[in-house]
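S.K.: Protein chains in written order, with this note's numbering: chain A, 7 to 122; chain B, 155 to 267.
Don't be surprised by glycine CBs; every beta carbon is placed ideally from N, CA and C.
1. For residue 53 of chain A, write down the residues that DSSP places opposite it in a beta bridge.
2. Along chain A, in chain order, which residues have C-beta atoms closer than 9 Å to that of residue 184 of chain B?
3. How far does the beta strand (DSSP E) with residue 247 of chain B in it reach, from first residue to last?
4. Buried or exposed: which applies to residue 95 of chain A, given that a residue is buried once 16 or more other Cβ atoms fall within 10 Å of its Cβ?
5. At the level of alpha carbons, what is the spacing between residue 66 of chain A and residue 41 of chain A?
6. Say whether the stretch 158 to 173 of chain B touches the stretch 211 to 218 of chain B, bearing in mind that this needs 3 or more beta-carbon pairs closer than 8 Å, one atom from each stretch.
7. With three or more beta-carbon pairs closer than 8 Å as the criterion, would you say the stretch 253 to 264 of chain B touches the stretch 205 to 215 of chain B?
8. What's the gap between the Cα of residue 185 of chain B and the Cα of residue 231 of chain B?
9. State the beta-bridge partners of residue 107 of chain A as determined by DSSP.
10. Go ahead and pull the three-state DSSP assignment for residue 209 of chain B.
11. Once the 5 residues before and after residue 229 of chain B are set aside, which same chain residues still bring their CB inside 6 Å of it?
12. Check whether chain A comes within 8 Å of residue 196 of chain B, counting only Cβ atoms and requiring the distance to be less than that.
13. With burial defined as no fewer than 16 other Cβ atoms inside 10 Å of the residue's Cβ, what is the status of residue 92 of chain A: buried or exposed?
14. Taking residue 25 of chain A and residue 119 of chain A to be in contact with their CB atoms under 8 Å, please state how far apart those CB atoms are, rounded to whole angstroms.
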């Protein structure tokens with residue numbers, strides 16, 4: 007179990023630029039989640055994949071945000087035309103769908119985005 | 155509309171004593187509850203969970219209690235150790251199905267030696 011890996015750890019970008027983050031889940035986990043955390047808040051759900059299918063998107067996920075999980079392995083989260091309000095920690099998590107009961111999410115260490 | 159509430163932003167406890175962290179939820183559909191611990195510059199780490207069919211779950215120094223009628227859960231840490239100093243998040247969701255976990259804002263625990 008190598009854990010959930012996220013890259014880069016930090017990203018500083020200028021307003022209006024596009025950024026892309028990558029998440030590599032625990033290898034046998036078929037569910038993958040993106041959350042966002044801002045100062046003083048808990049993680050807020052953005053979107054979720056079961057294998058390669060994106061099953062749910064939060065209303066927090068504006069049309070400037072897009073996520074993919076090709077072949078049900080790693081995932082990318084892209085933010086287009088970044089705004090200062092996008093500055094946050096972006097957390098990826100994965101879990102194993104055991105068919106009936108949900109299992110805990112395992113989080114990566116996040117990508118901290120700063121938009122100047 | 156905050157579905158999971160942790161009303162204490164911070165808590166200080168002496169080493170060796172009990173730490174009690176509280177969490178309230180509003181959505182009666184939640185039947186799966188978890189506690190996560192977060193150190194600075196790291197992602198949240200899963201600690202312990204409980205489903206609504208139980209009212210207590212214990213794992214070493216950590217015990218979670220669930221009061222369904224009050225929509226309240228608590229995490230007890232006994233004895234508290236300096237390494238327990240972290241932010242603790244309560245999360246709630248569904249034991250089956252696709253409902254994503256909803257997190258509280260966290261409680262910062264400081265264990266003083």
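M.R.: Taking the definition as stated:
1. A/40, A/63
2. The premise fails here: residue 184 of chain B is roughly 12 Å from chain A at the closest Cβ pair, so nothing lies under 9 Å.
3. 240 to 247
4. buried
5. 10 Å
6. no
7. no
8. 22 Å
9. Paired residues: none, contrary to the question.
10. coil
11. 175, 189, 218
12. yes
13. Answer is buried; the Cβ neighbour count reaches 16.
14. The beta-carbon separation of residue 25 of chain A and residue 119 of chain A, rounded to 6 Å, stays under the 8 Å limit for a contact.
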